[in-house]
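Some notes on the structure that comes next.
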Amino acid sequence: MNTITPTASLAPEADRIPPERLARIRALVTRAADIIAPVWPLARFVAVNPLKGLEDRPFPQAVREGERLFGGAGYLPLTHYQAALAAGGIDRRALRAAFLAHLGEKATRTCRLGGRAIDVTDALWMRLTQGPNAGSPIAAAVVSAARRAVERAGLRVPDAAPPVAHDTWVDREAVRACAAFFDQGQASLAMPGRKNGLYRAWRDLGRADPVLRRQLDPTGRRTLDTLPARADAAIDQALRSLTPAGDGPEDRALLEEHLAALPGWAGFIKQRHNEGDDPKAPADLIGYLAVRLSLARIAPRTAWTESQTDPGRDAAVQRLAATARAAGLAPATLDAADTGELAALWRAGASIDDDTLCAVYLTATEAAYRHALLRELTPRTPLAEPPEQRPAAQMLFCIDVRSEVLRRHLEAQGAYRTAGYAGFFGLPIRYRPDADEPGYPHCPVLLSPKHEITDAPKPEHLEPAQAALHRRSRWQRARGLFTALKGNIAATYGLVEATGLAAGAGMAARTLIPRAMARLRDRLSAGTALARHLWPGVKHTPATPKRGDTGMLLDEQVFYAQTMFALTGLGAPFGRLLVICGHGSTTTNNPYAAALDCGACGGRRGGPNARVMAGILNAPDVRTRLAERGIALPDDCVAVAAEHDTATDAVRLFDTDLVPDSHREDLAGLQRDLAAAGRATRRERAGRLPDGSPEAPDSLTRRSADWAQVRPEWGLAGNAALIVGPRRWTEGLDLAGRCFLHDYDWRHDTHLEALTTILTAPMIVAQWINSQYYFSTVDNTVYGSGDKTTQNVVGGIGVMQGNESDLQIGLPRQSVLDDLGRPFHTPLRLLVVVLAPRERVGRVIAANTPVKRLLDNGWITLCAVEPDDAGMHRYTPGGTWTPEHPVADDAAAAA
Amino acid sequence: MTRETTSMNDVAPEGVTLHALKKLEVIVHGEDLPTVQDLMADANVTGYTLVRDVAGLGQHGFHEGRLLFNEQASLVMIIAVAPPAAIRTVIAGLRELFERHSGVMFVSDTQVVRLDHFLPDQEAAGS
Chain Z
609 MNTITPTASL APEADRIPPE RLARIRALVT RAADIIAPVW PLARFVAVNP
659 LKGLEDRPFP QAVREGERLF GGAGYLPLTH YQAALAAGGI DRRALRAAFL
709 AHLGEKATRT CRLGGRAIDV TDALWMRLTQ GPNAGSPIAA AVVSAARRAV
759 ERAGLRVPDA APPVAHDTWV DREAVRACAA FFDQGQASLA MPGRKNGLYR
809 AWRDLGRADP VLRRQLDPTG RRTLDTLPAR ADAAIDQALR SLTPAGDGPE
859 DRALLEEHLA ALPGWAGFIK QRHNEGDDPK APADLIGYLA VRLSLARIAP
909 RTAWTESQTD PGRDAAVQRL AATARAAGLA PATLDAADTG ELAALWRAGA
959 SIDDDTLCAV YLTATEAAYR HALLRELTPR TPLAEPPEQR PAAQMLFCID
1009 VRSEVLRRHL EAQGAYRTAG YAGFFGLPIR YRPDADEPGY PHCPVLLSPK
1059 HEITDAPKPE HLEPAQAALH RRSRWQRARG LFTALKGNIA ATYGLVEATG
1109 LAAGAGMAAR TLIPRAMARL RDRLSAGTAL ARHLWPGVKH TPATPKRGDT
1159 GMLLDEQVFY AQTMFALTGL GAPFGRLLVI CGHGSTTTNN PYAAALDCGA
1209 CGGRRGGPNA RVMAGILNAP DVRTRLAERG IALPDDCVAV AAEHDTATDA
1259 VRLFDTDLVP DSHREDLAGL QRDLAAAGRA TRRERAGRLP DGSPEAPDSL
1309 TRRSADWAQV RPEWGLAGNA ALIVGPRRWT EGLDLAGRCF LHDYDWRHDT
1359 HLEALTTILT APMIVAQWIN SQYYFSTVDN TVYGSGDKTT QNVVGGIGVM
1409 QGNESDLQIG LPRQSVLDDL GRPFHTPLRL LVVVLAPRER VGRVIAANTP
1459 VKRLLDNGWI TLCAVEPDDA GMHRYTPGGT WTPEHPVADD AAAAA
Chain E
-13 MTRETTSMND VAPEGVTLHA LKKLEVIVHG EDLPTVQDLM ADANVTGYTL
37 VRDVAGLGQH GFHEGRLLFN EQASLVMIIA VAPPAAIRTV IAGLRELFER
87 HSGVMFVSDT QVVRLDHFLP DQEAAGS
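For the protein sequence lines, the chains are Z and E, in the order given.
Numbering (the working numbering) for the first sequence: 609 to 1503.
Numbering (the working numbering) for the second sequence: -13 to 113.
Right, dumping it as structure tokens:
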């Protein structure tokens, strides 16, 4: 894991620096890296809050710090909200309520200016609601008068720090070093010396790199030639020369600025190192910062012009001018005002900035959504007793918002009971379909995999399984050969001559008949055949497992099954079928394919987890143990694995050949109803896609196979809430694919273990997803990944815009904005609604600092609904509860 | 290399010598574990014991032990035994880390029988 291995040859310089100093540098780097959110490689793209490192402070402060460090906006533009208000998209009463709540006790603010009484509250309301829609931009004369007034009264915005400036030359060179070092086989030539770590590889190559040397002045070249061999020593030298005062805060600020310059690369390196380094190319943020700081030392000197602007003053001018315009103050009135009057106007509210006004809109939009949802839930509480009839089937889905739509349509087909659970089904596994490859973790990134699961031929499928494996390896060899020839300078021309025509025909076919080509590809790579004849059937590991053993102990299998029932409250009467349904998304030519797969499975498809869980539930010895623990699955209850393809809404059932003949009819009925539910889901989704139509829902399957499609599906766009409670509470409600649904029955959770697990893991994953959609929408350039059509995949690990940009950290524009650049996703912070006594919910929050921090700092709003009387309360920072009256609010709004 | 031996040797069976070393116990959130491991590796601390899912009462109230699906938020305890110089180096880093991150560390005297297990390879060879 460690990148720096002191050796005898490196000893001299290490000797000169006390080891305590180097240890301090490492800790200093860790602390500076708090501001950086981890970034996962494309193959398992995991949603994460780009401001995760700032979650320890209140949301408004965090977005302001994000603006300073990364240059990203924290809200949609004020003009967007004002236009939405004018178009009727925002409830004016809800906005007024949020506005007055924000002003608080000082809601009535007046002051006098030039003998005239000014109602500052009114002026702020005008500033909030009218904006540029009222007419032209603020007149130049008003701005000039505001500037004079600001100067005269000495008004300043004290914390208006300009965004951190960084050296673009250093950025460019750092990107070059990272792209070469972290390449995962996409480049034909590997960077030399990677085993020595990022910094050493860069330093050694840099010394011999004429392109780099030519750009340096003689001093820069001399410094380059004398850079130390150890990365931490290089940081020590750089800190001594770049922050001569050399105190801790100044050092940390410099390190933070260098990390914030390219948060994508820094986040990627942080994540990669923390998960366990690649010994063939070890790298950590010490190495990365050593490269950057050394570059800063040798950077060609450019004439540095000190900025003449004063951001504190400029911000004050903008706020005063906007308020003056809203209050209808003439420039002459401002000019005539004395400094005392101006200061009073400033204090009374002119000092409020646009971000604060945006926050008022955000709060109002969130309150409107929250009240609407709580209103729907009110008449459903207290819950009616569950029906005792045996369902046709129970089906367990991932909590993903896309499951809600399919579940609703499936339940409408017949006696189906569905439940929501984290889509890895509680199995911390690493899945290796190809035993020769390391495979991928199929669990949330909050966990490390505990079990290796490989594919094995099913009983009585040995021969076809071997044939399918043979076909896969032939396909892999052919692809590998083609890629190698394509990248080889000598062979590439011959390759074009030999295969150009066929490749051209293939391209035409992929464009004209995408679905047929997808089927052909599946046949060649043996995709379907492999799934039919092999399975990740869980093996019983011996009681004393050895390293390299795959599978799980019997006790572990029982534990995972029992946890599933305990966390979801899923129980009798059990149906004849118990379906475990994961999800994935089939798309073509899509670097962001993993962003559409299952977040709970670490950005992979959930099918393998479903198959493992179904295998566990069907094992007779597991059933015996479960029965001893009070979970008695009847003999005629068969567990079946399934996977919901969220691009096509087809549900594929796995291993149906292992289902006994007695259940053939049940299975056929389920398949029929799943097909109908899929059709209804497609129809609903097609209406939301900009170029889709509810009349042509089957165009969605073509979309999935179309390699020119930039928006195969909307993914989790629209996500807004996590509902924690039994499905009976929400069944039949149209939640529009905006809610994560986790089943939970508080009556069975005596020790609060289930709720603790739900709030410390599924809720955290939902908040990461929610924040990623939020920030990718409000600033797609900084927090998203920009337009898909101009992205370049780099080194097989991420995408860049152009060829020398930061690694992009969020979702592409096409995932959150429509074709005209308007938000399709409504950015709202996550709402969590729990059906449980608030006293119990409060206890879980108080006992778990990370959960409390997210709630206290306003990253999540949580409401507890009393199961007995539907009393609704919102958690407020510090651990108190505020009553929510959604129905009364609704009546007041209507009055 | 000779190491100080103390009166603890009165509990040592015949023919067994106890060697004085320092013991460091650190409790941090799971997400800080990689940093602590790096600090140990940098300081040539050759081994340590990990206790995951630690529960206890501290400044922020009672902290539950095991979180079923979240290791990053769970507390983890790292126990390391090493010569004073190595422990001093690790402490320097931890002190900087704890300026902002929550965690505790305890340092104590301890004695071991097999000294070579607690020294870096080259030192062990010369001890």
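Glycine included, each C-beta is placed from N, C-alpha and C at the ideal position.
Below 8 Å between beta carbons: does that hold for W810/Z and P908/Z?
Translated into the one-based positions of the first sequence, residue 810/Z becomes position 202. Translated into the one-based positions of the first sequence, residue 908/Z becomes position 300. It is not a contact, given that the beta carbons lie outside the stated cut-off.
With a threshold of 8 Å between beta-carbons, can G47/E be considered close to chain Z, or not?
Here residue 47/E corresponds to residue number 61 of the second sequence, with the count starting at 1. Yes, contact with chain Z.
Whose Cβ in chain E lies nearer than 7 Å to the Cβ of P1485/Z?
One-based indexing of the first sequence puts residue 1485/Z at position 877. The contacting residues do not exist; P1485/Z stays about 16 Å from chain E at best.
Any beta carbon from chain E within less than 8 Å of M609/Z's own beta carbon?
Mapped onto the first sequence, residue 609/Z falls at position 1. Note that M609/Z scores 40 on pLDDT, short of 50, meaning its location in the model is unreliable; the coordinates nonetheless yield the value given after this. Yes - at least one Cβ of chain E is within 8 Å of the one on M609/Z.
Using three-state DSSP, classify W1354/Z as helix, strand or coil.
Position 746 of the first sequence, counted from the first residue, corresponds to residue 1354/Z. Correct three-state label for W1354/Z: helix.
Taking just the CA atoms, how far does M26/E sit from M91/E?
As a first step, residue 91/E must be located in the second sequence, where it is residue number 105. As a first step, residue 26/E must be located in the second sequence, where it is residue number 40. Computed Cα separation, rounded: 14 Å.
Should D1314/Z be labelled buried (16 or more other beta-carbon atoms within 10 Å of its own) or exposed?
Position 706 of the first sequence, counting from 1, holds the residue named residue 1314/Z. Classification for D1314/Z: buried.
Which two residues bound the contiguous alpha helix (DSSP H) that contains M1371/Z?
By 1-based counting over the first sequence, the position of residue 1371/Z is 763. Counting along the chain, the alpha helix (DSSP H) containing M1371/Z begins and ends at P1370 to V1386.
Quick one: does D859/Z have its CB under 8 Å from some CB of chain E?
As a position in the first sequence, residue 859/Z is number 251, starting the count at 1. By this cut-off, D859/Z is not an interface position.
I need the straight-line Cα distance from E57/E to F1173/Z, nearest angstrom please.
For this step, residue 57/E is matched to residue 71 along the second sequence. For this step, residue 1173/Z is matched to residue 565 along the first sequence. In a straight line, the C-alpha of E57/E is about 21 Å away from that of F1173/Z.
Is there at least one Cβ from chain E nearer than 8 Å to D779/Z's Cβ?
Your numbering for residue 779/Z matches position 171 in the first sequence. No, no contact with chain E.
State the Cα-Cα distance for the pair A694/Z and L684/Z, rounded to the nearest angstrom.
As a first step, residue 694/Z is located in the first sequence; it is residue number 86 there, counting from the start. As a first step, residue 684/Z is located in the first sequence; it is residue number 76 there, counting from the start. Straight-line Cα distance between these residues: approximately 16 Å.
Would you kindly work out how many angstroms separate the C-alpha atoms of A748/Z and V728/Z, rounded to a whole number?
Walking along the first sequence from the start, residue 748/Z turns up at place 140. Walking along the first sequence from the start, residue 728/Z turns up at place 120. When rounded, the distance between both Cα atoms is 22 Å.
Could you give the C-beta distance for A1362/Z and L1103/Z, rounded to a whole number, given that I count them as a contact under 8 Å?
For this step, residue 1362/Z is matched to residue 754 along the first sequence. For this step, residue 1103/Z is matched to residue 495 along the first sequence. Not really, about 58 Å apart at Cβ, beyond 8 Å.
Over what stretch of residues does the alpha helix (DSSP H) that includes V750/Z continue unbroken?
Taking the first residue of the first sequence as position 1, residue 750/Z is located at position 142. Element bounds for V750/Z: A748 to A761.
If you draw a straight line from the C-alpha of I643/Z to the C-alpha of K878/Z, how long is it?
Along the first sequence, read from residue 1 onward, the residue named residue 643/Z stands at position 35. Along the first sequence, read from residue 1 onward, the residue named residue 878/Z stands at position 270. Between I643/Z and K878/Z, the C-alpha separation is close to 11 Å.
Using a Cβ-Cβ distance cut-off of 8 Å, determine whether R(-11)/E contacts chain Z.
Counted from its first residue, the second sequence places residue -11/E at position 3. Because the pLDDT of R(-11)/E is 48, which lies under 50, any placement of that residue in the model is unreliable, and the number read from its coordinates should be weighed accordingly. No - not a single Cβ of chain Z is within 8 Å of the one on R(-11)/E.
Using a Cβ-based criterion (distance less than 7 Å to any ligand heavy atom), does N1411/Z qualify as near the ligand PLP?
The ligand PLP is not part of the structure shown, which contains no ligands of any sort.
Of all the CB atoms in chain E, is at least one closer than 8 Å to the CB of D642/Z?
Numbered from 1 along the first sequence, position 34 holds the residue referred to as residue 642/Z. Yes, D642/Z counts as interfacial toward chain E.
Going by C-alpha distance, which of Q792/Z, T941/Z and F1005/Z is nearest R720/Z?
The residue labelled residue 720/Z in the question sits at position 112 within the first sequence. Among Q792/Z, T941/Z and F1005/Z, the Cα nearest to that of R720/Z belongs to T941/Z.
By alpha-carbon positions, which one of D730/Z, T687/Z and G1190/Z ends up nearest to F707/Z?
Residue 707/Z sits at position 99 when you count from the first residue of the first sequence. The shortest C-alpha separation from F707/Z is found at D730/Z.
Please decide whether A619/Z counts as near chain E, where near means a Cβ-Cβ distance under 8 Å.
Looking up residue 619/Z in the first sequence gives position 11. Note that A619/Z has pLDDT 44, beneath the 50 cutoff, so the model's placement of it is unreliable and no number is given.
What are the start and end residues of the beta strand (DSSP E) that includes F92/E?
As a working note, residue 92/E is residue 106 in the second sequence. Segment G89 to V98, the beta strand (DSSP E) holding F92/E.
Shortest alpha-carbon distance to F84/E belongs to which of A785/Z, R634/Z, P1228/Z and A898/Z?
Locating residue 84/E in the second sequence gives position 98, where the first residue counts as 1. When each option's Cα is compared against that of F84/E, the closest is R634/Z.
Spatial neighbours of Q1409/Z within its chain, please: CB distance less than 7 Å, with the 5 preceding and 5 following residues excluded, ordered by chain position.
Here the question's residue 1409/Z lines up with position 801 in the first sequence. Here the set comprises G1394, T1398, Q1399 and Q1416.
Would you say L61/E lies against chain Z (beta-carbon separation less than 8 Å)?
Stepping through the second sequence from its first residue, residue 61/E is reached at position 75. Chain Z contact via Cβ: absent.
According to DSSP, is L10/E part of a helix, a strand, or is it coil?
In the second sequence, residue 10/E corresponds to position 24, counting from 1. Three-state DSSP puts L10/E in a strand.
What would DSSP say about M799/Z, mapped onto helix, strand or coil?
For the purposes of this step, residue 799/Z is identified with residue 191 of the first sequence, where counting begins at 1. Here M799/Z sits in coil by DSSP.
What residues match up with C1006/Z in a beta bridge as DSSP calls it?
Residue numbering aside, residue 1006/Z sits at position 398 when the first sequence is read from its first letter. In DSSP, C1006/Z forms a bridge with Y1029/Z.
Using alpha carbons as the reference points, say which of I1224/Z, R1310/Z and A1247/Z lies closest to F1182/Z.
Sequence index remark: in the first sequence, residue 1182/Z carries index 574 (1-based). Measuring from the Cα of F1182/Z, the nearest candidate turns out to be A1247/Z.
In this structure, does DSSP put T1434/Z in helix, strand or coil?
Position 826 of the first sequence, counted from the start, is the residue given in the question as residue 1434/Z. Three-state result, T1434/Z: coil.
May I have the straight-line CA-CA distance separating P627/Z from A976/Z, to the nearest angstrom?
Residue 627/Z sits at position 19 when you count from the first residue of the first sequence. Residue 976/Z sits at position 368 when you count from the first residue of the first sequence. Cα to Cα, P627/Z sits roughly 57 Å from A976/Z.
Report the option in M1371/Z, A1444/Z and V1452/Z whose CA atom is closest to the CA atom of V1009/Z.
On the first sequence, residue 1009/Z is found 401 positions in, with the first residue counted as 1. It is M1371/Z whose Cα lies nearest to the Cα of V1009/Z.
For R1038/Z, return the contacting residues in chain E, with the cut-off set at a CB-CB distance below 7 Å.
Start at 1 with the first residue of the first sequence, and residue 1038/Z comes out as number 430. Per Cβ cutoff of 7 Å: no residues; R1038/Z is ~15 Å from chain E at best.
For the beta strand (DSSP E) containing T1484/Z, name the first residue and the last one.
Position 876 of the first sequence, counting from 1, holds the residue named residue 1484/Z. Residues M1480 to T1484.
Can a CB atom of chain Z be found closer than 8 Å to the CB of S113/E?
In the second sequence, the residue the question calls residue 113/E occupies position 127. Because S113/E sits at a pLDDT of 48, beneath the cut-off of 50, its placement in the model cannot be relied upon, and the point is left open.
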